[in-house]
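All you need for the working numbering is the position in the sequence shown, starting with 1, plus 21.
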Amino acid sequence: MMRVDKYLADCGLGTRSEVKKYIKAKQITVNGTIVLKPEFKIEENTDVVNFKGQTIVYEKYVYYLFHKPAGCVTAMQDNLHKTVMDFFPEEIKKKGVAPVGRLDLDTEGLLLLTNDGALTHHLLSPAHHIPKTYYAILDKEVPQEAVGKFKRGTDIGDDKPTLPAELVILPEKTAAELTICEGRFHQVKRMFETVGCAVTYLKRLSMGSLVLGDLPSGEYRKLTEEEVKLLLSY
Ligand code: URA
22 MMRVDKYLAD CGLGTRSEVK KYIKAKQITV NGTIVLKPEF KIEENTDVVN FKGQTIVYEK
82 YVYYLFHKPA GCVTAMQDNL HKTVMDFFPE EIKKKGVAPV GRLDLDTEGL LLLTNDGALT
142 HHLLSPAHHI PKTYYAILDK EVPQEAVGKF KRGTDIGDDK PTLPAELVIL PEKTAAELTI
202 CEGRFHQVKR MFETVGCAVT YLKRLSMGSL VLGDLPSGEY RKLTEEEVKL LLSY
């Protein structure tokens, strides 16, 4: 059971005080009856709550694709830098949304955020090799032999070599797309270091079936049901 004003605010209808105004204006019904008090208790899984005739469905789990800009940290809070959470409004943060994995401070691109712990666990588990594709700009031309080296697995100084990765050197030769199936610390940068190249720009383009597309930097959007289903099927 929960208060109807909290329920509606959690559903993203507005802030608690906005929701209270809707209640005062008799715009909220529960099972067809107008609600008169914000403290009215509802059963969130069975009661039907309507706003101006539209049913407001409680979403326990929410999934967002975020285009992380450079200069913010993938953390819930930080004393020095802006965090990815600073791009999200209070009503989304309140739902317990957190980033799935992390991108470096200077890395841009696709970041998934959710409050679905099971999906997070699934995607981060080393047993599930979710491919992640990065676009990188390097300080010099990427040697052709890097393609085979990365495909075979590369010693980047960890206990084990990296899993096979796919490298596509782009025509300008100082840029490449690299698809890896792990998420080790600074993995892309460390892999390029083994072929004498320093990454000067890094952007994640995709994660499994999810693609960044033309989502502008600093913005987020909800995943579609289909996108969530596909992620779970990895
Ligand atoms: N690899 C890196 O080196 N940095 C990232 O942010 C992601 C992958």
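Note that beta-carbon positions come from the ideal geometry of N, C-alpha and C, so glycine has one too.
Given residue i as reference, the closest of the options once Cα atoms are compared
{"i": "P120", "options": "L131, D68 and C202", "result": "L131"}
{"i": "M106", "options": "G239, E247, L244 and A30", "result": "G239"}
{"i": "L94", "options": "V69, D125, L251 and L86", "result": "One point to set straight first is that residue 94 is Val, not Leu, in the sequence displayed. Residue D125 is the option with its Cα nearest to V94."}
{"i": "K81", "options": "A139, F87 and G122", "result": "A139"}
{"i": "V118", "options": "E129, N136 and P110", "result": "N136"}
{"i": "M212", "options": "E246, K172, M228 and T76", "result": "K172"}
{"i": "K194", "options": "Q208, E203 and P164", "result": "P164"}
{"i": "A46", "options": "F72, D31, A91 and E166", "result": "F72"}
{"i": "Y113", "options": "E246, G35 and T141", "result": "Reading off the sequence, residue 113 comes out as Ile, not Tyr. When each option's Cα is compared against that of I113, the closest is G35."}
{"i": "P110", "options": "A30, E198, T54 and Y255", "result": "A30"}
{"i": "Q208", "options": "G234, L233, S254 and K153", "result": "K153"}
{"i": "V70", "options": "C32, G92 and P90", "result": "C32"}
{"i": "Y155", "options": "G178, A148, L233 and T141", "result": "L233"}
{"i": "R225", "options": "P90, I55 and G178", "result": "P90"}
{"i": "S254", "options": "T141, G204, T54 and D99", "result": "T141"}
Straight-line gap, residue i to residue j (C-alpha atoms, nearest Å)
{"i": "V168", "j": "V189", "result": "7 Å"}
{"i": "E162", "j": "T200", "result": "18 Å"}
{"i": "Y84", "j": "Y222", "result": "27 Å"}
{"i": "V78", "j": "I158", "result": "44 Å"}
{"i": "M97", "j": "K210", "result": "24 Å"}
{"i": "E246", "j": "E166", "result": "41 Å"}
{"i": "L57", "j": "T104", "result": "39 Å"}
{"i": "P147", "j": "I63", "result": "41 Å"}
{"i": "G178", "j": "D99", "result": "29 Å"}
{"i": "H143", "j": "D180", "result": "23 Å"}
{"i": "L244", "j": "G92", "result": "24 Å"}
Outcome for residue i when other beta-carbon atoms lying within 10 angstroms are tallied against a minimum of 16
{"i": "A219", "result": "exposed"}
{"i": "P192", "result": "exposed"}
{"i": "V40", "result": "buried"}
{"i": "D176", "result": "exposed"}
{"i": "F206", "result": "exposed"}
{"i": "G229", "result": "buried"}
{"i": "V25", "result": "buried"}
{"i": "S227", "result": "buried"}
{"i": "E60", "result": "exposed"}
{"i": "Q75", "result": "exposed"}
{"i": "D197", "result": "Correcting the residue type first, residue 197 is Ala in the shown sequence and not Asp. Looking at its Cβ environment, which holds 16 or more other Cβ atoms inside 10 Å, A197 is buried."}
{"i": "K250", "result": "exposed"}
{"i": "L101", "result": "exposed"}
{"i": "L145", "result": "exposed"}
Same chain only: Cβ atoms within 8 Å of residue i, ignoring 5 sequence neighbours per side
{"i": "K170", "result": "T215 and V216"}
{"i": "K27", "result": "R37"}
Other residues of its chain near residue i: CB distance less than 7 Å, five sequence neighbours each side excluded
{"i": "L231", "result": "L86, L131, L133, E248 and L252"}
{"i": "G174", "result": "P182, T183, L184 and P185"}
{"i": "L236", "result": "L86, H88 and R242"}
{"i": "D68", "result": "V51 and N52"}
{"i": "D160", "result": "C218, A219 and T221"}
Neighbour flag for residue i against chain D, beta carbons, 8 Å
{"i": "V232", "result": "Structure shown: chain D not included; a single protein chain is present."}
6 Å CB neighbourhood of residue i in its chain, flanking five on each side removed
{"i": "M23", "result": "E65"}
{"i": "E116", "result": "Sequence inspection shows Lys at residue 116; the Glu mentioned does not correspond to that position. Result list for K116: V83 and N136, in chain order."}
{"i": "T128", "result": "L223"}
{"i": "H150", "result": "C202"}
{"i": "L44", "result": "The amino acid occupying residue 44 in the given sequence is Ile; Leu does not appear at that position. The answer, listed in chain order, is V56 and P59."}
{"i": "E187", "result": "T200"}
Contact test: residue i Cβ vs ligand 3 heavy atom, cutoff 7 Å
{"i": "V94", "result": "Ligand 3 is not part of this structure, which contains only ligand 1."}
Residue ranges of each beta strand (DSSP E) within the stretch 50 to 115, 3 or longer: Fully enclosed beta strand (DSSP E) runs of 3 or longer: 70 to 72 and 84 to 89.
> Which parts of the stretch 151 to 239 are runs of the beta strand (DSSP E), unbroken and 3 residues or longer, counting only runs that do not cross its ends?
Replying inline: Every beta strand (DSSP E) of 3 residues or more that sits fully in the stretch 151 to 239 is shown, in chain order, as 153 to 159, 187 to 190, 196 to 201 and 220 to 228.
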